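Visitor: The structure under discussion is supplied below as structure tokens; questions concerning it will follow.
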Amino acid sequence: MTSLATSLVRGAVTSPFRRAGRPDATLPTERLTLPAAPTAPGPLAAYRAICGFPEAEAGSGGEARGGAGPGDAGPGVLPLTYPHVLAFPLAMRLMTGRGFPLPVVGLVHTWFEACGHRAVRAEERIQLTVYAEELNAHRRGTEVTMVTEARVDGELVWESRSGYLSRHPTKATAAGRREETDAEALPALREWRLPGDLGRRYGAVSGDRNPIHLHPLTARLFGFPRAIAHGMWTVARCLAEAESDGPGRQLRTVRADFKAPVLLPATVVYAADPGGNAFVLRSPSGRVHLTGAVTRG
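For the sequence shown, numbering that gives the first Met the number 0 assigns the number 0 to the initial residue and increments by one for each residue that follows.
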């Protein structure tokens with residue numbers, strides 16, 4: 000958490016000196032790695048609670064089982080989004096480092112996808128690696144793809160990619176990465192009331208204390224009328240609901256596209272198809288905040 004706070008400060012200081020959209024921009028080639036370690040039970044339990052995942056079973060963080068099987072699911076298995084949270088300080092360190100070409104202040108998380116090659120349990124010793132993969136022209140600026148990989152004893156067990164957009168004037172046009180879910184056609188299943196302090200509570204759990212999530216006053220400095228919910232909280236909350244709709248079937252992949260911020264406090268509607276594979280988070284008025292899809296194994 001300390002390194003993440005340091006990165007946020009460094010990003011605020013260095014961002015004014017970086018200009019997005021330079022034609023000669025290149026990405027750093029370095030890969031940052033956290034040594035293998037088991038997952039700390041306290042922070043994991045707090046993450047489960049705020050995102051709606053079931054509590055860990057008694058003893059589930061104890062003796063290792065040599066890796067979870069391909070069909071395992073349940074409280075002893077890490078949520079599909081959690082390795083991203085563990086590695087986020089590494090990603091911030093890379094994006095605020097000297098060789099990174101985009102200003103980190105103002106970066107918008109546009110999409111997220113993750114794949115669990117097998118279920119990963121909390122007691123396993125996970126090594127995390129982060130690197131920048133590519134820069135792409137976007138109709139609203141320049142988008143960077145950041146990659147996170149998790150390994151156990153050298154085996155790639157989980158990986159994710161995230162798109163972050165630096166907005167600036169451009170003439171480029173970019174096609175969508177995939178066809179969007181017909182958000183209006185998905186039936187509403189749940190309605191959630193999100194409190195005004197959700198950003199502060201999730202920030203305390205995840206370490207992501209970006210000012211846009213913490214308080215209306217700090218959010219206004221960046222153009223938002225109120226604090227906004229973390230995009231990764233919205234993904235995780237939807238995945239927790241998807242898990243409960245298909246118990247015993249481990250979520251293997253997720254793709255989520257962030258469409259509009261959720262201003263706090265808020266009421267949002269979770270909708271999903273009958274199979275529980277495609278989902279959407281929208282406002283009661285129909286404004287779409289998030290679309291996504293999962294596969295199960």
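Cβ atoms here follow ideal geometry from the backbone N, Cα and C, with glycine treated the same way.
In this text, all values refer to a predicted model and were calculated from it rather than measured experimentally.
Do the region 141-152 and the region 228-236 meet, that is, are 3 or more Cβ pairs less than 8 Å apart?
Guide: They do not touch, by the three-pair rule.
Visitor: Report yes if the CB atom of Val129 is closer than 8 Å to the CB atom of Ala90, and no otherwise.
Guide: Locating residue 129 in the sequence shown gives position 130, where the first residue counts as 1. Locating residue 90 in the sequence shown gives position 91, where the first residue counts as 1. Result yes, Cβ atoms of Val129 and Ala90 sit closer than 8 Å.
Visitor: Could you tell me whether the Cβ atoms of His345 and Thr141 are closer together than 8 Å?
Guide: With the chain covering 0 to 296 only, the question about residue 345 has no answer from this structure.
Visitor: What are the complete alpha helix (DSSP H) segments, minimum 4 residues, inside the region 211-237?
Guide: 215-219
Visitor: Going straight from the alpha carbon of Glu122 to that of Arg139, what length do you get?
Guide: Here residue 122 corresponds to residue number 123 of the sequence shown, with the count starting at 1. Here residue 139 corresponds to residue number 140 of the sequence shown, with the count starting at 1. Each residue's Cα considered, the two are about 42 Å apart.
Visitor: Suppose the cutoff is 6 Å on Cβ atoms and the five residues either side in sequence are ignored; what does the same chain contact list for Val299 look like?
Guide: This structure does not reach residue 299, given that the chain is present from 0 up to 296, and the question cannot be answered.
Visitor: DSSP three-state call for Arg200: helix, strand or coil?
Guide: As a working mapping, residue 200 is identified with position 201 in the sequence shown. The answer is helix: DSSP assigns Arg200 an H, G or I state.
Visitor: Mapping the DSSP letters down to three states, classify Pro82 as helix, strand or coil.
Guide: Locating residue 82 in the sequence shown gives position 83, counting from the first residue. Helix at Pro82.
Visitor: Verify whether the separation of the beta carbon atoms of Cys114 and Thr252 is less than 8 Å.
Guide: Along the sequence shown, read from residue 1 onward, the residue named residue 114 stands at position 115. Along the sequence shown, read from residue 1 onward, the residue named residue 252 stands at position 253. Against a cut-off of 8 Å, the Cβ pair of Thr252 and Cys114 comes out as a contact.
Visitor: Going by alpha carbons, who is nearest to Met231 out of Arg225, Gly222 and Val261?
Guide: Start at 1 with the first residue of the sequence shown, and residue 231 comes out as number 232. Checking every option, the nearest Cα to that of Met231 belongs to Val261.
Visitor: For the beta strand (DSSP E) containing Gly41, list its first residue and its last residue.
Guide: Within the sequence shown, numbered from 1, the residue matching residue 41 stands at position 42. Where Gly41 is concerned, there is no enclosing beta strand (DSSP E), although the alpha helix (DSSP H) it sits in stretches over Pro40 to Cys50.
Visitor: Helix, strand or coil for Leu89, going by three-state DSSP, please let me know.
Guide: In the sequence shown, counting from the first residue as 1, residue 89 sits at position 90. In the structure shown, Leu89 sits in a helix (DSSP, three-state: H, G or I).
Visitor: Determine the direct distance from the alpha carbon of Asp181 to that of Tyr269, and round the result to whole angstroms.
Guide: What you label residue 269 is simply residue 270 of the sequence shown in a count that begins at 1. What you label residue 181 is simply residue 182 of the sequence shown in a count that begins at 1. Computed Cα separation, rounded: 14 Å.
Visitor: Hey, would you say Ala203 sits closer than 8 Å to His212, going by beta carbons?
Guide: In the sequence shown, counting from the first residue as 1, residue 203 sits at position 204. In the sequence shown, counting from the first residue as 1, residue 212 sits at position 213. The beta carbons of Ala203 and His212 sit no closer together than 8 Å.
Visitor: Could you check where the beta strand (DSSP E) with Gly162 kicks off and where it finishes?
Guide: Your numbering for residue 162 matches position 163 in the sequence shown. Run containing Gly162: Glu154 to Arg166, per the beta strand (DSSP E) assignment.
Visitor: In angstroms with no decimal places, state the Cα-to-Cα distance between Pro40 and Thr169.
Guide: Here the question's residue 40 lines up with position 41 in the sequence shown. Here the question's residue 169 lines up with position 170 in the sequence shown. Approximately 46 Å between the Cα atoms of the pair.
Visitor: Starting from Asp272, trace the beta strand (DSSP E) in both directions and tell me its first and last residue.
Guide: The count along the sequence shown starts at 1 and reaches residue 272 at position 273. Element bounds for Asp272: n/a, residue is neither H nor E.
Visitor: State the DSSP-derived secondary structure class of Asp244, mapped to helix, strand or coil.
Guide: If you number the sequence shown from 1, residue 244 lands on position 245. In the structure shown, the three-state DSSP call for Asp244 is helix.
Visitor: Rounded to the nearest angstrom, how far is the Cβ of Glu190 from that of Thr290, given a contact under 8 Å?
Guide: If you number the sequence shown from 1, residue 190 lands on position 191. If you number the sequence shown from 1, residue 290 lands on position 291. Actually they are not in contact, since the Cβ atoms of Glu190 and Thr290 sit about 18 Å apart, beyond 8 Å.
Visitor: Where do the N-terminal and C-terminal ends of the beta strand (DSSP E) with Asp256 fall, by residue?
Guide: Along the sequence shown, read from residue 1 onward, the residue named residue 256 stands at position 257. It spans Leu250 to Phe257 - the beta strand (DSSP E) in which Asp256 sits, taken as one unbroken run.
Visitor: I think Ala218 touches Ala241, with their Cβ atoms under 8 Å apart; what is that distance to the nearest whole Å?
Guide: Taking the sequence shown and counting its residues from 1, the one referred to as residue 218 is at position 219. Taking the sequence shown and counting its residues from 1, the one referred to as residue 241 is at position 242. At roughly 29 Å, the Cβ-Cβ gap does not stay under 8 Å, so Ala218 and Ala241 are not in contact.
Visitor: I need the boundaries of the beta strand (DSSP E) containing Leu188, first residue and last residue.
Guide: Counting from 1 along the sequence shown, the entry for residue 188 is found at position 189. Here the beta strand (DSSP E) through Leu188 covers Ala187 to Leu193.
Visitor: Measure how close the beta-carbons of Leu250 and Arg199 come, nearest whole angstrom, since I'm counting them as under 8 Å.
Guide: Against the sequence shown, residue 250 aligns to sequence position 251. Against the sequence shown, residue 199 aligns to sequence position 200. No, Leu250 and Arg199 are not in contact; Cβ-Cβ is about 28 Å, not under 8 Å.
Visitor: Which of the three DSSP states, helix, strand or coil, is assigned to Pro283?
Guide: Residue 283 sits at position 284 when you count from the first residue of the sequence shown. Note: Pro283 maps to coil in three-state DSSP.
Visitor: Based on DSSP bridge pairs, tell me the residues matched to Ala36.
Guide: Translated into the one-based positions of the sequence shown, residue 36 becomes position 37. Beta-bridge pairing links Ala36 to Ile125.
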